[in-house]
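Below is one structure, written out as structure tokens; the observations come after it.
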Amino acid sequence: MPLEQVMHQLEIITSGEGFHDLTKLINNWIKASRIQRGVLNLTALHTSCSLTINENADPLVLKDLSTYMKALVPEEGAKPISGLGERLPYKHSYEGPDDMPAHIKTSLTSSCLSLSIEDQRLLLGTWQAVYLWEHRYSKQSRKICLHAIGEIQKSNKSLEVNANFNSALTSARNASKLNKIVQQRHNPEDWASEDGHETNVDLLIDRIHDLTCQDDRDK
Amino acid sequence: MPLEQVMHQLEIITSGEGFHDLTKLINNWIKASRIQRGVLNLTALHTSCSLTINENADPLVLKDLSTYMKALVPEEGAKPISGLGERLPYKHSYEGPDDMPAHIKTSLTSSCLSLSIEDQRLLLGTWQAVYLWEHRYSKQSRKICLHAIGEIQKSNKSLEVNANFNSALTSARNASKLNKIVQQRHNPEDWASEDGHETNVDLLIDRIHDLTCQDDRDK
Amino acid sequence: MPLEQVMHQLEIITSGEGFHDLTKLINNWIKASRIQRGVLNLTALHTSCSLTINENADPLVLKDLSTYMKALVPEEGAKPISGLGERLPYKHSYEGPDDMPAHIKTSLTSSCLSLSIEDQRLLLGTWQAVYLWEHRYSKQSRKICLHAIGEIQKSNKSLEVNANFNSALTSARNASKLNKIVQQRHNPEDWASEDGHETNVDLLIDRIHDLTCQDDRDK
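Protein chains in written order, with my numbering: chain A, 1 to 219; chain B, 1 to 219; chain C, 1 to 219.
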């Protein structure tokens, strides 16, 4: 099967410093785009948030990560880890006390990730999730570029291919809009705070996914 | 030549915190898969080990990296680098004192790497090697996904193509199993501790590579 | 359009610790190679410099990043961030006091980045630039591998395709050589120090780009 590429921009509304699990959103997009197998590149189009892979089970891991990162990159500037020398306040300060630390945290983590897709989903370890890590304190609108190169499953009936594909893309776009509304109405912190139980956000996203797949089953 | 993709999962048995050079294993797989030129994506399917590229010459570099990382992310929790404020113990502690530091170290380094393949081998600088960096203290079984997109060399005699390719894949699988046995019987720390001299592990891996290539020469 | 791959090695002469904006050089290469849409993988073929994406607007951000990183990874070795324990001097010291910190900084940032190309240019956020981050104090010659997989625009007139493509490649090579000369004659620190105003270096690179495109317009 020849390789093709598909691109999409995901919009995420964040609500302060913390982690936003992108795994389900990404898997929904992969299914809607019918990418069977391939490499997915993710790029955060910002310099004060990053992408990271970490534990999906105990939400305390994410809390400890936040706490650690705040201690490592404090607002008031760095003192050498050796304990020697003066404290060094940041010079880039006019965008607020959280801005320069956010740029540093971005360089210490990642702005892009490349992952494998297999059987129409991200190939991740059992305990892995893909997170957008917001480093600013206030609400932000963040764009993540999803760019896959791989084998895209086509329908056997060639006439249906374009119709199916267009409806899947429309569904994916609708899903993206719906997700944005969901995120604006709900506290995204719920995602990380529920110890693995299904939250309202999860249930809504599952419903979005059902709607996305419905189009294809109806044909 | 049209682009194709090949995937493989490498299993590595680690024996405590430290570095495991993956360069030869990866190059053996590239040769067995006959990938002439392409991009290779590596993903560590775990949240307490990472992938890093660093010096292949002086093993003291790896020792210093370990020492530095332990100082940067200590077991007892972080004190702000500014020197101000209280020590902050980790809340996620029930998996052992090395677990939360391992998650932090993973986020501060990388879970995935993308590298170029040229002339059937990784394109690396003279002093570069690709390492699995184990952050846990105890023995762990680690899976690394290798996913290449590129040009795959085929035999001129078309009937032999599939046979060759299947035998190469079988050889690669056997090589992977053999490597696992090799690692279980030997101390993988030898890899980093021998100042560039060939170790038993290196010699065994070279033998595996010879066996892998033998299949093709026999045809 | 079938996917193809293109590779190129960029040579950068650095002049001490700091940031070198690669964005224009990369975009020039993408245009010369006529890559319409695809994924670009960048690899720094060294263990004491890295690749990072950060702010392109206020040069104080880059100054603060440097200052922070020097405090985080000091020459004299690390003291645990907890404030407990002894200072730990580096064992790998024979290549100079900046060498081991450079290896650590490389592992804390990135040796490779994967980004999207759309409409013959890098898909970046408004405030993002791609930097080579030199961690050594002295002048160094650095090689960055550019490896794109994507759709390459061909001319409609098939006879012209190869001629165009070869001339574009030649132009790209010339552009690379010219850039090298430009960098040797000018202080690359100018790139980051001019608060967004066009520098001599910028103007020369624009001229290189014009020359690169001229070949195609002439046909």
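Beta carbons are placed, not taken as given, at the ideal position from N, Cα and C, and that holds for glycine.
Here's the rule I'm using: 16 or more other beta-carbon atoms within 10 Å means buried, otherwise exposed. How should residue i be labelled?
{"i": "C/M100", "result": "buried"}
{"i": "A/D119", "result": "exposed"}
{"i": "A/H20", "result": "buried"}
{"i": "B/A32", "result": "buried"}
{"i": "C/G96", "result": "exposed"}
{"i": "C/S141", "result": "exposed"}
{"i": "C/K139", "result": "exposed"}
{"i": "A/T126", "result": "exposed"}
{"i": "C/I12", "result": "buried"}
{"i": "C/M69", "result": "buried"}
{"i": "B/P59", "result": "buried"}
{"i": "A/Q153", "result": "exposed"}
{"i": "A/V161", "result": "Low local confidence applies: a pLDDT of 44 at A/V161 is under 50, so the model's placement there is unreliable, with the coordinate-based value given in what follows. Exposed: under 16 other Cβ atoms inside 10 Å."}
{"i": "B/Y94", "result": "exposed"}
{"i": "C/N200", "result": "At C/N200 the pLDDT is 44, less than 50, meaning the model places this residue with poor confidence and gives no usable figure here."}
{"i": "C/E198", "result": "Confidence at C/E198 is low in this model, with a pLDDT of 43, below 50, so the placement of that residue should be treated as unreliable; the coordinate-derived value is given next. The residue in question, C/E198, is exposed, as its Cβ has fewer than 16 Cβ neighbours within 10 Å."}
{"i": "C/L113", "result": "buried"}
So residue i is in the beta strand (DSSP E); what residue range does that whole segment cover?
{"i": "B/N54", "result": "C49 to E55"}
{"i": "B/L40", "result": "I35 to A44"}
List the DSSP bridge partners of residue i.
{"i": "B/E11", "result": "B/K143"}
{"i": "B/G96", "result": "B/G96 pairs with nothing; no bridge assigned."}
{"i": "A/V6", "result": "A/A148"}
{"i": "A/D21", "result": "A/Y131"}
{"i": "A/L88", "result": "A/A78"}
Going by Cα to Cα distance, which pick from the options is closest to residue i?
{"i": "B/H147", "options": "A/I26, A/L132, A/A71 and A/V39", "result": "A/V39"}
{"i": "C/M1", "options": "C/S107, C/L108, C/H46 and C/Q36", "result": "C/Q36"}
{"i": "A/I104", "options": "A/E134, A/S116 and A/R121", "result": "A/E134"}
{"i": "C/L144", "options": "C/G16, C/W29, C/Y90 and C/K91", "result": "Here the sequence assigns Ile to residue 144 of chain C, which means Leu is not the residue at that position. It is C/W29 whose Cα lies nearest to the Cα of C/I144."}
{"i": "B/G17", "options": "B/H8, B/G150, B/Y131 and B/E151", "result": "In the sequence on display, residue 17 of chain B carries Glu and not Gly. Residue B/Y131 is the option with its Cα nearest to B/E17."}
{"i": "C/S107", "options": "C/M7, C/T47 and C/N41", "result": "C/T47"}
{"i": "A/L72", "options": "B/C49, B/L88 and B/Y137", "result": "B/L88"}
{"i": "A/I117", "options": "A/A78, A/Y137, A/S110 and A/N27", "result": "A/N27"}
{"i": "A/L122", "options": "B/Y94, B/E4 and B/L45", "result": "B/L45"}
{"i": "A/N56", "options": "A/T109, A/S15, A/C49 and A/L22", "result": "A/L22"}
{"i": "B/L65", "options": "C/K24, C/A78 and C/Q128", "result": "C/A78"}
{"i": "C/W150", "options": "C/C49, C/T52 and C/L115", "result": "Residue identity check: residue 150 of chain C is Gly in the sequence provided, not Trp. Considering only alpha carbons, the answer is C/L115."}
{"i": "A/R34", "options": "A/M7, A/Y90 and A/L51", "result": "A/M7"}
{"i": "B/A129", "options": "B/L62, B/E4 and B/T14", "result": "B/L62"}
{"i": "A/D98", "options": "A/L113, A/C112, A/T109 and A/Y137", "result": "A/Y137"}
{"i": "B/T43", "options": "B/L10, B/E75, B/N54 and B/L25", "result": "B/L10"}
{"i": "A/E75", "options": "A/A102, A/L124 and A/T52", "result": "A/A102"}
{"i": "B/S15", "options": "B/K91, B/I53, B/C49 and B/S110", "result": "B/C49"}
{"i": "B/T109", "options": "B/N54, B/Y90 and B/Q5", "result": "B/N54"}
{"i": "C/H92", "options": "B/L51, B/K24, B/E4 and B/T67", "result": "B/T67"}
Note the first and the last residue of the continuous alpha helix (DSSP H) segment covering residue i.
{"i": "B/D64", "result": "P59 to L72"}
Hey, is residue i close to the ligand FMN, as in C-beta under 7 Å from one of its heavy atoms?
{"i": "C/A44", "result": "Absent from the structure shown: the ligand FMN. Ligands present: none."}
Secondary structure, beta strand (DSSP E): runs of 3+ residues fully inside the stretch 107–155 of chain A: Listed in chain order, the complete beta strand (DSSP E) runs (minimum 3 residues) inside the stretch 107–155 of chain A are 112–118, 128–134 and 139–152.
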